[in-house]
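Written out below as structure tokens is the structure these notes cover.
Okay, here's the thing in structure tokens:
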């Protein structure tokens, strides 16, 4: 398995530390609380994740935003044993999107497209609906 991205989520009040591993067309949640006894909690695979390349977490809302090929997808990670897709957005401005970084204060996901050197800002204020890019631009 080629790991594209790895992010950690620390649960409060002595709960589990969960690693979210993005690879291929899946996200795998791994309990890494005890590094000598790590265990897989769950796996989510979808056609919307094909070409998965970037992931960032909105910890407060339990959402993973993932990018790949021509889309950004929001995944509910509140239960790592049963992750599910909340919504997905694709655009003609997306071509081989690679990275996503969240600005949670302004509810924007910045998506980088490698083929045409674009940085696109996507409104994530309502992740369960198709969102509208707010400022597509080229660098």
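In this note's numbering, the protein residues as written are 1435 to 1573.
All C-beta atoms in this analysis are idealised placements derived from N, C-alpha and C, irrespective of residue type, glycine included.
Since we're looking at a predicted model, the values are computed, not measured.
Rounded straight-line distance, which links the Cα of residue j to that of residue i
i: residue 1453; j: residue 1499; result: 14 Å
i: residue 1438; j: residue 1464; result: Only weak support exists for where residue 1438 lies, its pLDDT of 47 falling under 50; the coordinates are left without a value.
i: residue 1506; j: residue 1524; result: 7 Å
Own chain, CB closer than 8 Å to residue i, minus 5 neighbours either side, in chain order
i: residue 1496; result: 1510, 1511 and 1512
i: residue 1539; result: none
Proximal residues to residue i (C-beta, below 7 Å), its chain only, five neighbours per side dropped
i: residue 1462; result: 1455, 1474 and 1477
i: residue 1541; result: 1557, 1558 and 1559
i: residue 1520; result: 1497, 1508, 1509, 1510, 1561 and 1562
Exposed unless 16 or more other CB atoms sit within 10 angstroms - verdict on residue i
i: residue 1517; result: buried
i: residue 1494; result: exposed
i: residue 1526; result: exposed
Same chain only: Cβ atoms within 6 Å of residue i, ignoring 5 sequence neighbours per side
i: residue 1466; result: 1451, 1453 and 1472
Residue range of the unbroken beta strand (DSSP E) whose run includes residue i
i: residue 1460; result: 1460–1465
i: residue 1616; result: Absent from the model: residue 1616. The displayed extent of the chain is 1435 to 1573, so no value can be given.
i: residue 1507; result: 1505–1510
i: residue 1476; result: 1473–1479
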